[in-house]
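S.K.: Right, I'll just put the structure down here and ask away after.
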Amino acid sequence: MALTEERPPLELTSGEEAVVRKPLGVFTRPSDSPGWRSWLTTVDHKKIGIMYGATAMAFFALGGLEALLIRAQLAQPNGQVLDPQVYNQLFTMHGTTMVFLVIMPMLAGFANYLIPLMIGARDVAYPRLNAFSYWVFLFGGLFLYSSFFLGGAPDSGWFNYAPQSGVAYSPGHGIDFWVLGLQITGIASLVGAVNLIVTCLNMRAPGMTLLRMPVFVWMALVAQFLLLFAIPVITVALFLLMFDRLYGANFFVVEAGADPLLWQHLFWIFGHPEVYILILPAFGIVSDVIPTFSRKPLFGYPFMVFSGIAIGFMGWGVWAHHMFASGVGPVSVAAFSLSTMFIAVPTGVKIFNWIGTLWRGKLSFTVAMLFAVGLVSQFTIGGLSGVMHSVAPHDTQQTDTYFVVAHFHYVLFGGSMFGIFSGIYYWWPKIFGHKLSERIGKVHFWLMFAGFNLTFGPMHIVGLQGMPRRTATYPEGMGWDLMNLLETIGSFLIALSFLVWVYNVVRSRKNPHAGADPWDGRTLEWATSSPPPVHNFDVEPTVGHLDEWWHRKYDEDESGRPVRREHYEFLSAVDEVSLGRGGREPQVDTSSIHLPSPSYWPIVIALGLPLISYGLLYTYWLSALGGIMVVGGVVGLGLEPSVDPEAGHDDHGHDDGHGPGPGTDATGEEAELVGVGAGDGATASGDRAGSGERA
Amino acid sequence: MVNTGSRFWFGVVALGVIGALAYLLASGGEPYGTLVLAFTAVAGLILGVTSITLRDGDVALAADGAPSTAAERRPVATRFAAAWPATAALGAAVCAVGLATGGALLYVGFAILGITLVEWMVQSWAERSTADATVNQRLRNRIMYPVEIPALSLIGIAVAVLAFSRILLALPKAGSTVVAIVVASVILGVGVLLSSRPRVSSSLLAVLVVLGAVGLLGGGIVAAVAGEREFEEHAEEGHAEEGPEEGSGSGPGAEAPEGTGHADEAPAPAQGQGGG
Amino acid sequence: MSVSEQTAPPEVVADRADHVPHDAAAPAHHTSTGLSNEKLGMWLFLGSECLLFGGLISAFLLYRSKDVEGMVGPAVGDLYDIPFTSVSSFVLLMSSLTMVLSLSAIQRADHRRARTWLLTTAMLGATFIAGQVYEFTSFVREGLGYTTNLQSSAFYTLTGFHGVHVTIGILMLVSLFVMSLRGRLPAERSETVEIVGLYWHFVDIIWIIIFTLVYLIPA
Amino acid sequence: MVRRGRLTLLGLVVALVAGGCARDAPQDVLEPAGPLAETLDNLFMPIFWVAVAVFVLVEGLIVYAVVRYRRRRDDNDDELPVQFHGSTKLEISWTILPALVLGLVAVFTIPVVFTLSAEPANALQVSVTGQKFWWGYQYPEGQSEFGIEEPIVTANELHIPAGQPVFLTLTSPDVIHSFWTPRLNGKQDVVPGRTHTWSLEAYEPGVYSGQCAEFCGTSHANMRLKVVAHDQAGWEDWVEGMQRPPQKPLSGLAAQGFELFSQKGCAGCHQVQGSFESVAADSPPAPDLTHLFSRDCFAGCIYDLDDRNELEAWLRDPQRKAGSLMVIGELTEDEIDALYSYLETLE
Amino acid sequence: MSVSDETLAREAQAEHDAQTEHEGHDHPSDRSYVGIALILAVLTALEVASFYVEDQLGALLVPALVIMMIVKFVLVVAWFMHLRFDSNLFTRVFVSGLVLAVGVYAATLTTFRFW
Ligand code: HEA
Ligand code: HEA
Ligand code: CUA
Ligand SMILES: [Cu+2]
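Structure follows, in structure tokens:
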């Protein structure tokens, strides 16, 4: 919100006493204090990215635990592990968690952390809104989970079909928690989407044209557009359901003449773009990982970009393939069946282009690469079962069976989760300065790979043998027993592999520093130190190429073969490890780089939202309190300058995309010019020194 | 110079007067209680005036004439702060009346008390924060503006909307359309007038504003008292479940749409925020 | 994209020179597209709002056209007071004009006019809301509560959402007015007014659609 | 390492598929037992093989690339592979080829959508209600070509003549259910407020298992059903039996049960034609019990009716089927015995 | 280079143009704003009038109303919201949302008719 920051730098009317005693207490604006408090008020996209990731992984453990309980119940016919009521809560929360609280935030985390680094920016477009998004997501998730302690979690499945989700059939508060919780996280996604889109479009370094952006940035951008347009649709659905449940409206009350298919349409108009929101960034991740470890550029970059955009577009025209058995009429069924099939075309382009990238490369199978190739191979399986679904008449045999469950776990786990793990192993050294152990990582990968296939492979079979999903139990004699047992064993293998990963993370702190560019990376994030400084780059990069960093490191000989340059310059001060092989540091004064200051408002506003929601369920007083926090917080955020004029301008500064005013701007610009000039000088002299050393 | 102490006593006066009036009305003319309350008010008045003439406890007075140092300079905000005792008293009064009459007034009283409490606390915290009054003022503003600005605007909008809609409801159907046209034209007309005549005197402006406000509020009150026009029920079938609309005579519109608005408000501002 | 593309050594300073706008008077956006972050953000948000209102409008259209046997209470269409709603629509439409006049005034640094128009816009908005409160109340008096039937739920939800949007808009206008009074809205910040204006006009165009689809076109 | 992993996997998959298919699975989609299911199967098989072909192609390419181009231990890391950036020709071809393949798939698919949605001629008409958590069936009167003069009402077990098309009209009074008998046809959701239609046909007499496939609440898993297809004689027998009203028991334990049936409120929900007709015939809240003992299973076909213990257990506590909407007071063992004897007479 | 590649390149070029073009500051005059408002007013009046002659218009009513609605919509968006004068990017962002909304919801409403 731009109602802001015209406050002139503080000047005392009295003119004396330059040093004002800083008042104590929470009401002052936070400064960049170290320790845990800095995490609460940070607006640094990197810290926020890390928090997203950590939170999402915690939710993954929760969602996984729920899955394990589900599998325990289904291990044998007539399972007695769980009550049906509990079972229903578990699969609902499992699906909701995995989709909304694991993969979406995980990918938001990657996007947050990486987009500015990859496009050469100092931060995202609206750093404080970024923090806001994170907190909203976190509190939304906690709100949703609090339902377990407040009378039972939602229990009508992750798409909560009306009228089962209406008050008449789900009288408890479970569904209310679901409705309100998703509205809250929806706000987070929407704000995040606006923020990241503006970042991608507006914050690129000089020369970083759209067609020089790394594929991850592209795919994240497409996904954010999908979010931007899909979130309001589910918001409508959730609002209608909420008014039905809380205020007696009639949107899904069949007795009043309502049509439950309205819910299905609204949900899936959101739901299908949503699945591409879940997969596209993962595609982006592997599109950056595979070239790095094949040591050659991505095959057909423009096609990759375009197919991503095409998937994004086509994803809007297929939603009713989730309703082939709902009775939408043959014309609709035929139309949606057709449109669904053809989404395989742009996806196929991606698969083949990845194979083209592998082709005649020099593949090193790091764990990141294993997961990336794992994605390519496993997602294909899920995609192919998707195409089988798209054959509408036969989908009436497949829908709501374990065949669908197999399909979406292959695309979600074999696709998104594999992509996420690939990204985790790939960027870990960038984020924390040291690698995860490759050795343990390989154990992790193979265990997970085996467990995954053992869990979800047999689901294809039981699905076609007629086992419906969402059944808390099944009788003997259906021919499903063996497969279900195998699936359960497989799921515990996955759990084991997850523990291996946790172990890897825990002990990774002892690993040696990995250096700024441990994988010989291609994109700009590798050109700065690991972990990057708060301001990302000491020198703002100017981009001349796709894969800019690679081009800065490699030249070509006459035959077109790349040869490593003698010298190249990192974009910020790096560590010893990175300086071998011709790497140089820029010599610049970074003290004049100003980043936005931390702020309390994001977390205050975000806390208000669950309060409002609890209030709607229990007492309006809470809502009033929450409302005051939200409205006050929003205005407070608006009135607060994004750069604290009272904070010392020593270690961080303003670059939040637009200066506070022309005056300050000039200084910013000056600083940059000076900085760059100095950097260049340093390069020159450094070069000489370097060659001297070598000689 | 109206100082802190006197303000408190004037608060008591207000309490007494209002209490007396309310008691009179509520009890249907019972004299003793009314007299007690009225005399409380008189006593408060005397004490307040005394307090002013004796100027006790006035820091500014004590500092008068002394060289003004940063530490001693009278905090700018105090001008404002001194109103809080009075509002506290008012709140208490309203509460008392509310207790006596039973009903919504009690909550209004609580609200006033609550607001006073918060404002006063923040105010005094800010005043003791630093030696510099301007800084202190800023500190206060930083915390309170985010709440005050929207709250005040909201209240303003709500009052205007309420008043105007009462007027519309009181008039016959065609009449409300005409009035709506007239009001809108007047607003637009005044806008045009003001912008085409850059030299409209500020007193004329003030007159206009006051006239408008008085007209709106007065009209609203009159209309509310006069009650709504007759509406004919359009119900075709038997009314299944329409209980909630009854009960609330004073609310804006009926219960149900209000409920909608209420629910909307929660996430909507945040969405608005997302864009800007 | 071919291998032969030469790596240009980063000729930073030269490249930078024509990238950074030197026009100090214009609001300096050193963004890649030259557009301001806030404005782009607002447009993105408005694009997203299209899907929000689209959903609500569709729900209403669907349920209004539905023939429900033994529907309780009146149909919304029977209660419309078209003359009055026309006035309301008109008021909102004119508020768009005053909004844009305010923007154009502040761009000329004509703060007095800008304030006048801001306030006029806000008051027109309030008139609209008052009209809506009036309309809702009279509908309820005529027997159409929020929960009465399908149509009524859909109608109140749709128009209520719109009303809340208008209210938020008025709040922003009043804030701008206050800021301007306190001298915190110099001409260089006219973009703030522009952005609030975008939101305001958007709310207006939504009403243009609602007025036609919901009120004028018969069920 | 990689190759070994993959081979094991492949072996595993083959083993699983083989193991899976060999098994006796009464709801196996891939063993159609009627013309409609067969149409679906015929559609599925070619598409399955297309998928297999693509699978083999893609995975083959990946495995080949992984094995062939992986970095070897003795490689010189400074020597980089040829840096090619793509090939428009290739990329266009792998855009167009899948599109063609899919076009072919579509050509087969779309007509089937329409043929299957048409109403078959001369079909037996049955209205089906799906409700929490059982299926009700009504055969409208006057279908003389099927021998049905009087309406027939039954639950959970759908009886049909083999070799003849059956046309279902489905409705739901509460939430969405989905009617599914995998070996006879795909599934059709039953959305409350809407009326859906669906066809069934079995080639051979037999019992075909199915179940509700849309999540509908606590006992969704227990909302099973059976379709019993009869040969001509069997069908006629069944229809005849169903049209004969049961006798009121006049003496003994059964007569006691008869009394209890109304005393204990059973008749408030259940209909027994000719004896208790207190509930609306078109939307009964509970299964019609007129010919209870003509069935094999009860309560959403999860309990065996032949087993006396099951039914007694049901009367002791209907909540043994979690979430069941049958709510009754506690019955003594004697009452249960009496009720059982009465119910037994309902053949 | 492929066709699509060129398209993207052109887009990038267009974007660059927008960049150099420096956001046309040639905003329309107040006079033209008032003019637009007048047109809008007249259209609204026509819309309302159509309500009173509903019967005479017959089948024309709905198309006429929709056309007037669209014209009003476009006028406000183009002039008051400056899309005519502003960067193309804004138009694209907004129109994609709008078109998506219209397309998706129109399709949804039609599916309710096929049964
Ligand atoms: C990451 C998420 C993700 C992704 C990417 C996809 C991708 C696809 N999905 Fe999936 N889907 C889900 C997540 C996802 N899905 C979920 C969660 C559900 C269930 C929701 C619920 O009910 O709970 C679901 C359900 C679902 C259904 C409904 C099933 C039912 O309930 O009846 C359908 C029906 O058509 C479908 C189809 C497809 C198709 C055609 C694709 C395509 O995009 C796949 C395209 C990819 C390929 C085809 C592979 C690569 C291509 C080639 C190698 C080219 C050559 C190929 C050919 C010539 C065929 N999906
Ligand atoms: C990204 C999405 C995602 C992911 C990753 C998963 C992962 C898993 N899923 Fe899930 N699943 C869905 C999305 C996902 N699922 C969705 C959308 C549904 C539909 C829900 C619905 O019908 O509404 C579903 C439904 C679903 C079902 C069907 C339930 C039913 O229909 O009745 C089953 C059944 O087996 C299942 C199993 C699993 C298993 C075993 C995993 C495993 O891969 C999980 C592996 C993870 C772990 C095992 C975590 C290990 C954690 C620990 C060991 C704890 C350690 C603790 C600490 C370190 C503190 N899932
Ligand atoms: Cu009925 Cu599931
Ligand atoms: Cu889908």
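Chains as they are written, first to last, in numbering that gives the first Met the number 0: chain A, 0 to 694; chain D, 0 to 275; chain E, 0 to 218; chain P, 0 to 346; chain B, 0 to 114. Where a beta carbon is used, it is the ideal one built from N, C-alpha and C, also for glycine. Since we're looking at a predicted model, the values are computed, not measured.
Under a Cβ-count criterion, where at least 16 other Cβ atoms within 10 Å of its own Cβ denotes burial, should residue 274 of chain D be classed as buried or exposed?
M.R.: As a working note, residue 274 of chain D is residue 275 in the second sequence. In this predicted model, residue 274 of chain D has a pLDDT of only 30, less than 50, meaning its place in the structure is not dependable enough to derive any value.
S.K.: Quick one: what's residue 187 of chain P bridged to in DSSP?
M.R.: Indexing the fourth sequence from 1 puts residue 187 of chain P at position 188. Answer by DSSP bridge pairing, in chain order: P:178.
S.K.: Relative to chain A, which residues along the region 140–163 of chain D have a C-beta separation below 7 Å, given in chain order?
M.R.: Result list: 142, 144, 145, 146, 148, 149.
S.K.: Measure how close the beta-carbons of residue 332 of chain P and residue 292 of chain P come, nearest whole angstrom, since I'm counting them as under 8 Å.
M.R.: Numbered from 1 along the fourth sequence, position 333 holds the residue referred to as residue 332 of chain P. Numbered from 1 along the fourth sequence, position 293 holds the residue referred to as residue 292 of chain P. Wrong, their Cβ atoms sit about 21 Å apart, outside the cutoff.
S.K.: Any C-beta of chain B sitting closer than 8 Å to the C-beta of residue 342 of chain A?
M.R.: Here residue 342 of chain A refers to the residue found at position 343 when the first sequence is read from its first residue. Taking Cβ atoms only, chain B never reaches closer than 8 Å to residue 342 of chain A, which makes this a no.
S.K.: If we count the other Cβ atoms within 10 Å of its Cβ and call it buried at 16 or more, is residue 619 of chain A buried or exposed?
M.R.: Counted from its first residue, the first sequence places residue 619 of chain A at position 620. Exposed, because fewer than 16 other Cβ atoms sit within 10 Å of the Cβ of residue 619 of chain A.
S.K.: Give me the residue from A:640, A:597, A:611 with the minimum Cα distance to residue 43 of chain A.
M.R.: Taking the first residue of the first sequence as 1, we reach residue 43 of chain A at position 44. With distances taken between Cα atoms, residue 43 of chain A lies closest to A:597.
S.K.: By how many angstroms is the C-alpha of residue 77 of chain B removed from the C-alpha of residue 170 of chain P?
M.R.: Mapped onto the fourth sequence, residue 170 of chain P falls at position 171. Mapped onto the fifth sequence, residue 77 of chain B falls at position 78. Cα-Cα distance, rounded: 50 Å.
S.K.: Using only CA atoms, which one of P:221, P:288, P:162 lies nearest to residue 132 of chain P?
M.R.: Within the fourth sequence, the letter at position 133 stands for residue 132 of chain P. When only C-alpha atoms are compared, the closest one is P:221.
S.K.: Residues of chain D with CB closer than 8 Å to the CB of residue 123 of chain E, please, in chain order.
M.R.: Position 124 of the third sequence holds residue 123 of chain E. Simply 183, 186, 187.
S.K.: Please decide whether residue 117 of chain E counts as near chain B, where near means a Cβ-Cβ distance under 8 Å.
M.R.: Against the third sequence, residue 117 of chain E aligns to sequence position 118. No, residue 117 of chain E lies away from the interface with chain B (no Cβ there is under 8 Å from its Cβ).
S.K.: If you measure from the beta carbon of residue 83 of chain E to each beta carbon in chain D, is any gap under 8 Å?
M.R.: Position 84 of the third sequence holds residue 83 of chain E. By this cut-off, residue 83 of chain E is an interface position.
S.K.: Specify, as a first and last residue, the run of the beta strand (DSSP E) that residue 437 of chain A falls within.
M.R.: To locate residue 437 of chain A, count along the first sequence from 1; it is residue 438. That residue, residue 437 of chain A, is in no beta strand (DSSP E); its alpha helix (DSSP H) goes 437–463.
S.K.: Consult DSSP for residue 298 of chain P and reduce its assignment to one of helix, strand or coil.
M.R.: As a working note, residue 298 of chain P is residue 299 in the fourth sequence. Residue state, collapsed to three classes: coil.
S.K.: Kindly list, in the order they appear in chain P, the residues whose Cβ is closer than 8 Å to that of residue 358 of chain A.
M.R.: As a first step, residue 358 of chain A is located in the first sequence; it is residue number 359 there, counting from the start. Those are 64, 68, listed as they occur along chain P.
S.K.: Apply the 10 Å Cβ neighbour rule to residue 247 of chain P and answer buried if 16 or more other Cβ atoms are within range, or exposed otherwise.
M.R.: Against the fourth sequence, residue 247 of chain P aligns to sequence position 248. That one is exposed.
S.K.: Regarding residue 494 of chain A and ligand 5, is the C-beta to nearest heavy atom distance less than 7 Å?
M.R.: This structure simply doesn't include ligand 5; it includes ligand 1, ligand 2, ligand 3 and ligand 4 instead.
S.K.: If residue 154 of chain A sits next to residue 91 of chain A, beta carbons under 8 Å apart, how far is it from one beta carbon to the other, in whole angstroms?
M.R.: In the first sequence, the residue the question calls residue 154 of chain A occupies position 155. In the first sequence, the residue the question calls residue 91 of chain A occupies position 92. About 5 Å separates the two Cβ atoms, so the contact holds.
S.K.: Could you tell me which of A:527, A:545, A:105 sits nearest to residue 538 of chain A, measuring between CA atoms?
M.R.: The residue given as residue 538 of chain A occupies position 539 in the first sequence. Closest by alpha carbon: A:527.
S.K.: For residue 70 of chain E, would you say it is in contact with chain A, using Cβ-to-Cβ distances shorter than 8 Å as the test?
M.R.: Taking the third sequence and counting its residues from 1, one reaches residue 70 of chain E at position 71. So yes, residue 70 of chain E belongs to the interface.
S.K.: Between which two residues does the beta strand (DSSP E) carrying residue 409 of chain A extend?
M.R.: Translated into positions along the first sequence, residue 409 of chain A becomes position 410. Not the beta strand (DSSP E): residue 409 of chain A falls in the alpha helix (DSSP H), residues 401–410.
S.K.: Could you work out which residue in P:79, P:188, P:230, P:196 is closest to residue 126 of chain P when comparing CA atoms only?
M.R.: Translated into the one-based positions of the fourth sequence, residue 126 of chain P becomes position 127. Closest option to residue 126 of chain P, Cα to Cα, is P:196.
S.K.: Which residues in the same chain as residue 556 of chain A place their Cβ atom closer than 6 Å to its Cβ, once the five residues preceding and following it in sequence are excluded?
M.R.: By one-based count along the first sequence, residue 556 of chain A stands at place 557. Excluding residues within five positions, the ones whose Cβ falls inside 6 Å are 562.
S.K.: Is the beta carbon of residue 198 of chain P less than 8 Å from the beta carbon of residue 164 of chain P?
M.R.: Here residue 198 of chain P refers to the residue found at position 199 when the fourth sequence is read from its first residue. Here residue 164 of chain P refers to the residue found at position 165 when the fourth sequence is read from its first residue. Cβ distance < 8 Å, so residue 198 of chain P and residue 164 of chain P count as in contact.
S.K.: Ignoring anything shorter than 3 residues, give me the beta strand (DSSP E) runs that lie fully in the region 275–319 of chain A, in order along the chain.
M.R.: You should have found no qualifying run.
S.K.: Closer than 8 Å, CB to CB, is residue 207 of chain E near chain B or not?
M.R.: Here residue 207 of chain E is taken as the residue at index 208 of the third sequence, counted from 1. Interface residue, yes.
S.K.: Taking all protein chains shown into account, do 16 or more other C-beta atoms lie within 10 angstroms of the C-beta of residue 63 of chain E, making it buried, or fewer, making it exposed?
M.R.: The residue you call residue 63 of chain E lines up with position 64 of the third sequence. Residue 63 of chain E comes out buried.
S.K.: Could you pull the start and end residues of the beta strand (DSSP E) that residue 76 of chain P belongs to?
M.R.: Against the fourth sequence, residue 76 of chain P aligns to sequence position 77. First-last for residue 76 of chain P: undefined, no H or E at that position.
S.K.: For residue 332 of chain A, which of A:363, A:151, A:449, A:394 has the nearest alpha-carbon?
M.R.: Counting from one through the first sequence, the residue named residue 332 of chain A turns up at place 333. Ranking the options by Cα distance to residue 332 of chain A, first place goes to A:394.
S.K.: In the DSSP assignment, find the beta strand (DSSP E) that holds residue 78 of chain B and state where it starts and stops.
M.R.: To locate residue 78 of chain B, count along the fifth sequence from 1; it is residue 79. Element bounds for residue 78 of chain B: n/a, residue is neither H nor E.
S.K.: Look at the alpha carbon of residue 78 of chain E and the alpha carbon of residue 82 of chain A, and state the distance between them as a whole number of angstroms.
M.R.: Counting from 1 along the third sequence, the entry for residue 78 of chain E is found at position 79. Counting from 1 along the first sequence, the entry for residue 82 of chain A is found at position 83. Approximately 51 Å, taken between the alpha carbons.
S.K.: For ligand 1, is there any heavy atom lying closer than 7 Å to the beta carbon of residue 178 of chain P?
M.R.: On the fourth sequence, position 179 is the one that residue 178 of chain P refers to. Incorrect: residue 178 of chain P has no Cβ contact closer than 7 Å to ligand 1.
S.K.: What are the residues that DSSP puts in a beta bridge with residue 198 of chain P?
M.R.: Numbered from its first residue, the fourth sequence carries residue 198 of chain P at position 199. Answer by DSSP bridge pairing, in chain order: P:166.
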